[in-house]
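Protein chains in written order, with my numbering: chain A, 15 to 277; chain B, 1041 to 1389; chain C, 1217 to 1496. Written out below as structure tokens is the structure these notes cover.
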Amino acid sequence: MSYLLDVRYVTKVYTAGLLSRERITAVNNVNFKLNSGEIISIVGESGSGKTTLAKIILRLLPPTSGSVYFEGKDVWSIKRREELRQYWRQVHGIFQDPYASFNPMFKVRRILYQALSLLDENERGDPEGLVREALKSVGLQPDALDKYPHELSGGMRQRIMVARCFMLRPKLVIADEPTSMIDASTRAGILKLFTKLREENNTSIIFITHDLGLAYYVSDRILIMYKGEIVEERTPDELLEKVEHPYTKRLLSDVPFLYRKWS
Amino acid sequence: MEGEKAVYRGLLKRPVVKLLIRKVVFLFITYFVFITIIFALPRLVPGNPLAEMLANILQTMQATPELVRAVERRLMEEFGLHKPWHEQYIEFLGRMLRGDLGTSYSLYPRKVSELVFTYLPWTLGLLIPATLVSWIAGNTLGALAGYRRGGRFDNALLPVSLILSQTPYYWLAMILLYTFSVKLRLFPLGGAYPSHVVPSFTLEFIAGYLYHYTLPFLSIVLAAAGGWAIGMRVLVIYELRSDYVDFADSLGLSDRKLLQYVFKNSVLPQVTGLALNLGTILGGSLITELVFSYPGTGYLVFRALTRLDYPMIQGTFAILFLTLILANFLVDLVYMVIDPRIRTGYIGE
Amino acid sequence: MPSRILLEIFKIKKFTISLAIILLLLFIGLVGPSIYPTDPFEAVFRPEDPPSSKNPLGTDSYGRDVLAQLLHGIRMSLYIGFTASLIALAIGVAIGSIAGVKGGLTDEVLMSVTNVVLALPSILLMLLIAAYFKYRDPMLVSIIIGVTSWPWVARAVRAQLLSLRAREFVHFSRMAGYSDFRIAVEDLLPNMAAYIFMALVLLMSGAMMAEAGLSMIGVGITRGASLGIMLYWAQMLEAVRRGLWWWFVPPGSVLVALSASLLMISTALDEYFSPRLKGR
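See the structure below:
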């Protein structure tokens, strides 16, 4: 029970083709642990399997082998609806594409009311109040609720997804490239929301990103993922002093400003 | 020996070769399925059309009793109706493989294969050039319109292409025939060559052939080009939105060069489109032949279908489908040659 | 939620004009034969008469009224087009969604079958099947067209479903504890609806064209009038060479108008929905 999340030997293999079976190993034997209130980043290029890993932890995609333990319980052994709701109450996700995160047929209100349905009866007291409060904490006006997704900017949509997390106050948030598809000018604001989430609720966060520079500034620990495997695990400070894997070195050379000393 | 084997094995591993083999296997399977459908249909349809056909012959054939009996025996043999179905099937496949398509009874005693090969060249002579010309013309015009989206040329071309793309070939053929042959008397009323000349390599015949060729050719080209132009226009518009175009634009690349790039990328789906549409084009042009009384396969199909000449139906369709498959394969080959991703083995599918 | 979308769609000029043409022709096909009660099959007029006040679209070589045939023909072509496209749609959607939802071996088998059928030229297949039926009523012709036109629908539905299922909003509904059924009803179906409607529209135009093609080559419906049957008789009786334009121009024009309008409707919907379906 010492770890919040314990990922053990997780592997995901995709197969395709009726006659000539092609096998693609997206995630290969991944192990890592996460403490309560910790922010870690999983850094890798597209196709490195990091999104697949995120979906496995979020219990959206079954692993081929291996297990994910949350507070000592095997996540993939959960079968009952009620327990599943409890899990998603505590472990929630945000994805890369703020456009695809909304069903275009519904108003914004739906995505926040969905989160309400995960809360217990007694927590739900004043639903509209809860929703408005969550919007306020991500810096949005309540009138956003009655808009359709296409009427909002990418940054605003992603803020709404964060608002969902503010309503749930989960123990772990997995944010898969939450800022890669929005304007550079609004990125910092959204990243700040995540740190606020941790400060207020001691929420652990897993950032999944291709941007080592971003990982350096926000995380306590950085995991480098390459071709489905975790090839290196460092604290941001260690990253500047000693790295072993050639891929990490290559990543570092792409963010030269990391070497500049900050005074 | 060992080295040779290794080379051979290495060749088999190359993605292009793998893809090619997969294509051939797939086409072979589809042909097999089609032949099976040809075999099964008359035996599945309620009321056994084959038996009915035999009865029909006995009633309607204006011939001596000996001839009728000869036809009947021949057909019984060819269809093997007295044998169990699996034997019939194996025999049928065997005959198809040998190229023996049976005997027509509406043009008794001519062999179906012989008939098909007399008429097929006329069809192909019309169809292949018309398909190629319409494809090239349609794509070029569509690309130009898409490149200058909303311009005067685009605004003129779009509605015309749209209507042409939804115009059945044969109806356009009727309109052209009426306008240019009946009203304006500029072109002949039908046929593939003047009735007083014999097909030969003489100037007189070739001139007469081309004279008769113009309207059928035009009606297929016009009707088909509309669809290609619309498709290409959309592809080019999408392509122009992609990042590399902005990039090239910012580098100050000339319009001409840029159009070349865009055209190259947009034309790939159109090649696939050609492969997918060959059947429709064939169907349309067969009926167009009827309008112009062109002595092609369309006439044969029409005759076979309206007189319920089942051996001829089976044979003509088997050959037509084989032709389509070969054409399809050729288009696929062209695609492989021009698609840089396949050429360099970047993708396997 | 749907009313807003409908409102926006009706603001697209291309869409409304095309829809108006379709509705007008549908109205003509439904009501026309009652308002203009001349029997289309009774040969009671002077043959090959050009349009006149008595026969607004003239008569054919048998002395039958062309306008009456046209009105009945529109009705028949729309009927066959609609029935055939519903049949093709039902098969295509069923196969496509089973393949897309079940995945695995089921998916691979169904898609292999679909690809083979797709490779068979549907026109040849239709002619071949029709040839073996001595009597062909409109329903039979619809079935023949329907069972040969579904494969691209199956592929499109499957692709759309797979892409929708991987869309993030489905994950969010799942993470909200929604059941598969609720996800299907709220997240998948509404986003498929526009797509399925587009498929129906395209199938319908294809089916009406197919009906005309079958008729032209002699294997259309064996009784009654359709646009294709009118063209068939015009062709058989040399209407073109004898200058009887009123016989073959109207049915062809109506066919082109119907088909072009249907295409425009589907293009307009595609332009409206696809950026939204992709989320942009």
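Glycine included, C-beta positions come from ideal geometry on N, C-alpha and C.
Opening and closing residue of the alpha helix (DSSP H) in which residue i lies
| i | result |
| --- | --- |
| A/SER267 | 260-268 |
| B/HIS1252 | 1243-1280 |
| A/TYR162 | Looking at the DSSP string, A/TYR162 is not in any alpha helix (DSSP H), and its letter there is neither H nor E. |
| B/ARG1062 | 1055-1084 |
| C/VAL1401 | Note, C/VAL1401: premise wrong, no alpha helix (DSSP H); not H, not E. |
| C/ASP1323 | 1320-1335 |
| A/VAL145 | 141-151 |
Bounding residues of the beta strand (DSSP E) (the contiguous stretch that carries residue i)
| i | result |
| --- | --- |
| A/ARG248 | 243-248 |
| A/PHE221 | 218-223 |
| A/ILE108 | 105-108 |
| A/TYR240 | 235-240 |
Straight-line Cα distance separating residue j from residue i
| i | j | result |
| --- | --- | --- |
| B/GLU1127 | B/PHE1068 | 22 Å |
| C/ALA1410 | C/LEU1273 | 39 Å |
| A/SER277 | A/ASP251 | Caution applies to A/SER277, whose pLDDT of 36 falls short of 50 and renders its modelled position unreliable; the value that the coordinates give is listed next. Rounded to whole angstroms, A/SER277 to A/ASP251 spans 15 Å at the Cα level. |
| C/TRP1462 | B/LYS1223 | 14 Å |
| B/LEU1275 | B/GLY1248 | 40 Å |
| A/ASP140 | C/GLU1324 | 49 Å |
| B/GLY1266 | B/VAL1200 | 7 Å |
| C/ALA1455 | B/LEU1216 | 13 Å |
| B/VAL1331 | A/THR66 | 60 Å |
| A/GLU255 | A/TYR261 | 15 Å |
| C/ALA1381 | C/LEU1404 | Reading the sequence as shown, one finds Arg at residue 1381 of chain C and not Ala. Each residue's Cα considered, the two are about 7 Å apart. |
| A/GLU142 | C/THR1483 | 41 Å |
| C/ALA1370 | C/ILE1437 | 27 Å |
| C/MET1217 | A/PRO163 | In this prediction, C/MET1217 has a pLDDT of 49, which is less than 50 and means its spatial position is unreliable; what the coordinates show is noted afterwards. Approximately 12 Å, taken between the alpha carbons. |
| C/ALA1423 | C/ALA1315 | 25 Å |
| C/TYR1252 | C/GLU1264 | 20 Å |
| C/ILE1228 | C/LEU1242 | 21 Å |
| C/VAL1247 | B/TYR1209 | 30 Å |
| A/GLY168 | B/LEU1326 | 54 Å |
| C/VAL1317 | A/GLY153 | 39 Å |
| B/GLY1134 | B/GLY1319 | 26 Å |
Residue i, DSSP secondary structure in three states
| i | result |
| --- | --- |
| B/VAL1237 | coil |
| C/ASP1281 | strand |
| A/ILE56 | strand |
| B/ASN1195 | helix |
| A/PHE84 | strand |
| A/ASP111 | coil |
| C/VAL1260 | coil |
| C/LYS1494 | With a pLDDT of 42 at C/LYS1494, under the threshold of 50, the modelled position of that residue is not reliable, and the figure given next carries that caveat. Reduced to three states, the DSSP call for C/LYS1494 is coil. |
Proximal chain B residues relative to residue i, where beta-carbon distance stays under 8 Å
| i | result |
| --- | --- |
| C/TRP1461 | TYR1218 |
Contact set for residue i: own chain, Cβ-Cβ below 7 Å, skip 5 residues either direction
| i | result |
| --- | --- |
| B/PHE1357 | ILE1078 |
| B/ALA1315 | ASN1368, VAL1371, ASP1372 |
| B/HIS1252 | PRO1228, GLY1231, ALA1232, TYR1233 |
| C/ARG1390 | ILE1399 |
| A/LYS69 | LEU75 |
Residue i: contacting residues in chain B (beta-carbon distance under 7 Å)
| i | result |
| --- | --- |
| C/ARG1457 | VAL1222, LEU1229 |
| C/VAL1472 | ILE1203, GLN1206, THR1207 |
| C/TYR1348 | LEU1081, PRO1082, VAL1085, PRO1089 |
Any chain D beta carbon closer than 9 Å to residue i
| i | result |
| --- | --- |
| A/ALA202 | Protein chains in the displayed structure are A, B and C, and chain D is not among them. |
Partner residues on chain A for residue i, Cβ-Cβ distance less than 7 Å
| i | result |
| --- | --- |
| C/ARG1390 | LEU74 |
| C/PHE1385 | ALA114, SER115, PHE116, ASN117 |
| C/ASP1403 | ASN117 |
Cutoff 8 Å; reference residue i; Cβ partners in own chain excluding five residues on either side
| i | result |
| --- | --- |
| C/LEU1485 | ILE1225, PHE1231, ALA1410, PHE1413, MET1414, VAL1417 |
| B/VAL1302 | ALA1183, TYR1187, VAL1276, GLU1279, LEU1280, VAL1285 |
| C/MET1408 | VAL1373, GLN1376, LEU1377, LEU1380 |
| C/LEU1430 | MET1342, LEU1343, ALA1346, VAL1357, ILE1360, ILE1361, GLY1436, GLY1444 |
Any non-hydrogen atom of the ligand COA within 8 Å of residue i CB
| i | result |
| --- | --- |
| B/ARG1225 | This structure does not include the ligand COA; it has no bound ligands of any sort. |
Own chain residues within Cβ distance below 6 Å of residue i, not counting five before or after
| i | result |
| --- | --- |
| A/ARG201 | THR193 |
| C/ALA1300 | SER1358, ILE1361, GLY1362, ALA1423 |
| B/PHE1361 | PHE1074 |
Chain-ordered chain C contacts of residue i [CB-CB under 7 Å]
| i | result |
| --- | --- |
| A/GLN128 | PHE1388, SER1389, ALA1392 |
| A/GLY86 | Here the premise fails: no neighbours, minimum Cβ distance about 21 Å. |
| A/LEU283 | Because chain A here runs from 15 to 277, residue 283 of chain A falls outside it and cannot be looked at. |
Cross-chain neighbours of residue i in chain C, by beta carbon under 9 Å
| i | result |
| --- | --- |
| A/TRP102 | ARG1390, MET1391, ALA1392, GLY1393 |
8 Å Cβ cut-off: residues of chain C touching residue i
| i | result |
| --- | --- |
| B/PHE1361 | LEU1336, PRO1337, LEU1340 |
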